[in-house]
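Taking our numbering, the leading residue of the sequence shown gets 285, the next gets one more, and so forth. One structure below.
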Amino acid sequence: MIKSIKLTNFRRFEDVQIDIEKDIVVLYGNNAQGKSTILEAIYLLTNGKSPWAVSDEFVNNTQKDEDKFARIEIATDEHLFAFFKDQSRRVCKIDNMNTTPKKFFQSNASTIFNPEQIEILMISPSRRRDFLDEVISQIDYEYNDTLAQFRKVLRQRNAYLKKLAKKFYEQGIIARNDTQLNFWTNEFVNLAKIIQNKRLELIDDLSSDGFTLEYVKSNDKDLEECIEDAKKRDIVTGCSNIGPQRDDWEIIVEKNIKKYGSRGEKRLAIGNLIFRVQDVLNKKLGFYPILLLDDIASELDPKNTHKIFGEENIKKQQTFITIINKDELPEEILKNAQLIDLNSI
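Printed below as a string of structure tokens:
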């Protein structure tokens, strides 16, 4: 459990410490007061990256260029975790001792959801794929390496396919048995199968009690067979048309939510997915990750707000909630929460 958060030169916060006293923390106040910034800091320290910043945008820009740095310190029941970033390096420390990023980020975990992510999950296949990959990466620390290898092989295969496409349009030759193409195709298939199988395992873990996730493969039969059949099309188009980079998934709750659900039903389904992810991570990791809910209530009507923020869901893990008006949250949450007014910090 987080006991305190200290931010130095992190976005708008030059030097602030917030002591945490409860498992439910509600950060409320007007826009631009730093509610989301605090969640970003927690996520960055527990996952190694910002949920939305590009590069080092989080470093406070009021500093002189040569002196720019940002520091996050989070004290838990057992340890003090510190993350430092300046112009040239990142430093991770546990109890004031330098440690490797891998060990540092394996010691903590958090899950974040905000309205933008909800929208992307409903409309963007690439973001839905990223969502599965991010969850799997929290369970399987080698999965990121597999993804990186796959993306490298995909780039190499696509680059070579573009050369073969040029040859096709200039000479009318489709080189389906090209030695180099066969090499990159074999590498592609081996890694693609690992990714698809890992995603299918997670989909199965998240589906139960009338709430089903369906994985939609770009290949309707064995991947090796499909990609062989698709070679001609790949050469003509100059890219890989089948594989995990083209897969998708859907939520089914009596009907396909993405296709037929109302706006409210879509958001409620994503809200339910949030807590299913937490349960799966708990089973795999042995603990519930910190849950960061950034202005989620703004996308829900009062009835669905009470469904998602029910005590049974919230009490499983330490939860940080941001909201403009705290009174929009259910009373049972407010009475058990630490309320922090960001307008006064």
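Glycine included, C-beta positions come from ideal geometry on N, C-alpha and C.
Look at residue i and residue j and say whether their C-beta atoms are less than 8 Å apart.
i: residue 394; j: residue 312; result: no
i: residue 308; j: residue 289; result: no
i: residue 392; j: residue 465; result: no
i: residue 475; j: residue 415; result: no
i: residue 606; j: residue 578; result: yes
i: residue 294; j: residue 358; result: no
i: residue 406; j: residue 360; result: no
i: residue 623; j: residue 310; result: yes
Cutting at 8 Å between CB atoms, please list the residues of its own chain near residue i, excluding the five before and the five after it.
i: residue 383; result: 376 and 377
i: residue 588; result: 548, 551, 552 and 555
i: residue 381; result: none
For residue i and residue j, I'd like the C-alpha separation in whole angstroms.
i: residue 519; j: residue 459; result: 8 Å
i: residue 318; j: residue 498; result: 37 Å
i: residue 557; j: residue 521; result: 36 Å
i: residue 385; j: residue 332; result: 8 Å
i: residue 534; j: residue 540; result: 7 Å
i: residue 410; j: residue 404; result: 9 Å
i: residue 450; j: residue 508; result: 25 Å
i: residue 249; j: residue 598; result: Residue 249 lies beyond the residue range present for the chain, which begins at 285 and ends at 629; the question has no answer from this structure.
i: residue 353; j: residue 542; result: 43 Å
i: residue 473; j: residue 402; result: 31 Å
i: residue 463; j: residue 423; result: 37 Å
i: residue 334; j: residue 325; result: 8 Å
i: residue 560; j: residue 455; result: 54 Å
i: residue 609; j: residue 447; result: 57 Å
i: residue 493; j: residue 536; result: 11 Å
Who are the Cβ neighbours of residue i in its own chain at under 6 Å, not counting the five residues just before and after it?
i: residue 633; result: Lying before the first or after the last residue shown, residue 633 is absent from the chain, which here runs from 285 to 629.
i: residue 296; result: 318
Cutting at 7 Å between CB atoms, please list the residues of its own chain near residue i, excluding the five before and the five after it.
i: residue 600; result: 562 and 572
Do the stretch 433-442 and the stretch 481-498 meet, that is, are 3 or more Cβ pairs less than 8 Å apart? Between the stretch 433-442 and the stretch 481-498 there are fewer than three inter-stretch CB-CB distances shorter than 8 Å, so the stretches are not counted as touching.
Across the stretch 504-513 and the stretch 562-578, are there enough close Cβ pairs to call them in contact, namely three or more that are closer than 8 Å? The stretch 562-578 and the stretch 504-513 do not touch, with fewer than three beta-carbon pairs separated by less than 8 Å.
Whole alpha helix (DSSP H) elements within the stretch 548-625, 4-residue minimum: Within the stretch 548-625, the complete alpha helix (DSSP H) runs of at least 4 residues are 586-592, 595-598 and 615-618.
Runs of 3 residues minimum, wholly inside the stretch 433-507: which ones carry the beta strand (DSSP E) assignment? Taking only runs of at least 3 residues, the beta strand (DSSP E) segments lying wholly in the stretch 433-507 are 496-500.
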